[in-house]
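Structure first, commentary second.
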Amino acid sequence: MKIVVGTKEEISKIVSEEIIKEIQDKPNLVLGLATGSSPIEVYANLVKAVKNGKVSFKDVTTFNLDEYVGLDERDINSYRYFMKEHLFNHIDINKENINFPSPDALEEYDKKIEECGNVDLQILGVGRNGHIGFNEPFTSFNSTTHLVDLSYKTRQDNSRFFYDIDNVPKQAVTIGLKNIMNAKKIILMAFGESKQEAIYKMVKGQVTKEVPCSILQEHSNCTIYVDEEAYNLLKTKTEGE
Ligand code: GLP
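Heads up, the sequence shown is in the working numbering, so the first residue is 487 and it goes up one at a time.
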């Protein structure tokens, strides 16, 4: 597991350049995408790169990590809406190559990922409680695409987009930890002090179901990009060793 510390702007630049390079090397790249605030700047950089003719998504296939259950794709809080707003509507991707998990086609999603030869590059954020995708604490490391009941903490974190926690869906569908670990390369981004505990546990803690992201310690090509605030606890504890 490699750690890179920088500002959000610096990290977003490095990560978008990495994605661009991967697509240039393999135009039919299979890209795993995340929502949340962490990757927004990366997506903005990708949009610019497409507009400048630096890269094309024409042959790229994407698989999003997760989606709320019960929200229409026109709902501004659905992850399909988010992805259109921040990326898909502004790039030359073939709409047929965009994939989202859905509660009525769980196994089909796993199969489709496999048929595409698995994800080449997976972009991840992390929740305060260490969730990745919507894999909440105590999710099996062997999990594949599945339905989840969202924890109160996660619903509370995401309520900033919904005005009121009661409007946050109680369920979501997510790819599993096994799917995530099957990706050939993983990039995780985390910004702000609210993520420092999750980052510390992810890097230095035990690999335990209590902290879903800790499984990433076992991935052979995973880089964690953090800002100083998200890095703080890890830095303090490492210095004390
Ligand atoms: C949500 C998403 C996750 C994301 C997390 C962190 O719960 N399901 O995929 O990683 O939020 O979000 P943010 O980047 O806004 O901190």
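Quick reminder that beta carbons are idealized off the backbone N, C-alpha and C, glycines included.
Does the Cβ of residue i have 16 or more other Cβ atoms within 10 Å, making it buried, or fewer, making it exposed?
i	result
Pro513	exposed
Tyr595	buried
Ile673	buried
Ile562	exposed
Gly556	exposed
Lys687	buried
Asp590	exposed
Leu610	buried
Thr553	It is worth fixing the name first, because residue 553 is Glu in this sequence and not Thr. When all chains shown are included, Glu553 counts as buried.
Tyr529	buried
Tyr638	exposed
Thr640	buried
Leu706	The sequence shown places Ser at residue 706, not Leu. Result: exposed.
Lys494	buried
Asn665	buried
Glu508	buried
Tyr649	exposed
Gly603	exposed
Glu601	exposed
Arg566	buried
Glu622	buried
Need the endpoints of the beta strand (DSSP E) that residue i sits in, please.
i	result
Phe549	Thr547 to Asn550
Thr709	Cys708 to Val712
Ala658	Gln657 to Thr660
Gln608	Leu607 to Leu610
Ile672	Lys671 to Ala676
Lys488	Lys488 to Val491
Val634	His632 to Asp635
Leu519	Val516 to Leu519
How far does the alpha helix (DSSP H) with residue i in it reach, from first residue to last?
i	result
Lys597	Leu592 to Glu601
Asp643	Tyr638 to Asn644
Ala530	Ile526 to Lys537
Val689	Gln682 to Lys690
Lys499	Lys494 to Asp511
His572	Tyr565 to His572
Leu663	Leu663 to Asn668
Is residue i near ligand 1, with its Cβ less than 8 Å from a heavy atom?
i	result
Phe648	no
His617	yes
Would a check of beta-carbon distances place residue i closer than 9 Å to chain B?
i	result
Leu592	Chain labels in this structure do not include chain B; a single protein chain is all it has.
I believe residue i touches residue j by the beta-carbon criterion, under 8 Å. Please report the beta-carbon distance rounded to the nearest angstrom.
i	j	result
Asn585	Val546	About 11 Å; that fails the 8 Å criterion.
Thr660	Val697	Between Val697 and Thr660 the Cβ distance is about 16 Å, and since that is not below 8 Å, they are no contact.
Leu663	Leu517	At roughly 19 Å, the Cβ-Cβ gap does not stay under 8 Å, so Leu663 and Leu517 are not in contact.
Lys451	Lys723	Any answer about residue 451 is impossible in this case: the structure gives the chain only from 487 up to 727.
Phe624	Ser524	Wrong, their Cβ atoms sit about 23 Å apart, outside the cutoff.
Phe543	Val536	7 Å
Asp652	Gly613	Between Gly613 and Asp652 the Cβ distance is about 20 Å, and since that is not below 8 Å, they are no contact.
Ile489	Ile710	5 Å
Lys499	Asn531	7 Å
Leu573	His632	Wrong, their Cβ atoms sit about 25 Å apart, outside the cutoff.
Cys699	Ala684	6 Å
Gly539	Asp713	That belief does not hold up - the Cβ atoms of Gly539 and Asp713 are roughly 31 Å apart, past 8 Å.
Met675	Ile497	6 Å
Quiz item: Any residues whose CB sits closer than 6 Å to a heavy atom of ligand 1? List them in chain order?
Solution: Ala520, Thr521, Gly522, Ser523, Ser524, Leu551, Asp552, Gly611, Val612, Gly613, Gly619, Phe620, Thr640 and Asn644
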